[in-house]
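J.:
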Amino acid sequence: MICKSMGSENLIIQTYGRNNYDEVEYEINGKKFKTKLTSEALFNYYGGDILFLIPESMITADDTKDYIYLSKLLFNSNEFFKYFYDKIRNQLLNKDIKIEAIKMQSVGEYKFLNGEKTIYFNNSIGNISIYLFKDLLKRIENYNKIILDLSTGLNYYSHVAIETMKYIITYLKIKNFLNDFKKEFLISYSTPI
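Using the numbering used here, you'd call the opening residue of the sequence shown number 1 and step up by one each time.
Here it is in structure tokens:
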């Protein structure tokens, strides 16, 4: 689904890493929030919109044996989002939060949860970063503050997200060289629990 600024100044971006998180207490500048996802704690503190980056490899985290259906999701971004929407929604305690998501390319070999099949994504980190750059550049256009949450997801997804944000910041600074650069970029992460 395309995210065209859902009506806020703040955009919280989080990589979605698995389907079941425990409720924990997060502290942001002295305020405590009990949530399952750090993006929800950030939402409770800053307000804003939440954009989830859902790696293609997340299809392997489902225990279904309908591999053909799951594989077809990779070729239809809207169906991919619909499939994961309920899974993400179930992780959020505040059911009124508006969420959007994009499919993030994957790289490497992944076994399906039941262990019967394996899927291989022939890709590179650089390609994933360029794809993400192109998509995020459009999505962040109407936001003043972008908060990249690195608390979930595999390590290389965090690396890709940081690199992509660096490219976006550099691009926007060059593009707006003669104008005031008004966007604020923050990185958020929580210590392992």
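All C-beta atoms in this analysis are idealised placements derived from N, C-alpha and C, irrespective of residue type, glycine included.
Looking only at its chain, what residues have a beta carbon closer than 6 Å to the beta carbon of ALA101, apart from the 5 residues adjacent to it on each side?
T.: Answer for ALA101: PHE52, ILE54 and PHE81, listed in chain order.
J.: If you compare alpha carbons, which of ILE99, ILE130 and LYS175 is closest to ASP86?
T.: If we check each option's Cα against that of ASP86, ILE99 comes out closest.
J.: For TYR171, count neighbouring C-beta atoms within 10 Å of its own C-beta (all shown protein chains included) and say buried if the count is 16 or more, exposed if not.
T.: Classification for TYR171: exposed.
J.: What three-state label does DSSP hand ILE102 in the structure shown?
T.: The answer is strand: DSSP assigns ILE102 an E or B state.
J.: Could you pull the start and end residues of the beta strand (DSSP E) that ASN10 belongs to?
T.: Taken as a continuous stretch (DSSP letters only), the beta strand (DSSP E) holding ASN10 covers 10-15.
J.: Please determine whether the Cβ atom of ARG89 lies at a distance below 7 Å from any heavy atom of the ligand SAM.
T.: With respect to the ligand SAM, the structure shown offers nothing to examine, as it has no ligands at all.
J.: Helix, strand or coil for SER77, going by three-state DSSP, please let me know.
T.: Helix at SER77.
J.: Under the DSSP definition of a beta bridge, which residues are partnered with ASP149?
T.: The partner list for ASP149 (beta bridge, DSSP) reads GLN14 and SER188.
J.: What are the start and end residues of the beta strand (DSSP E) that includes VAL197?
T.: Nothing can be reported for residue 197: it is not among the residues displayed for the chain, which extend from 1 to 193.
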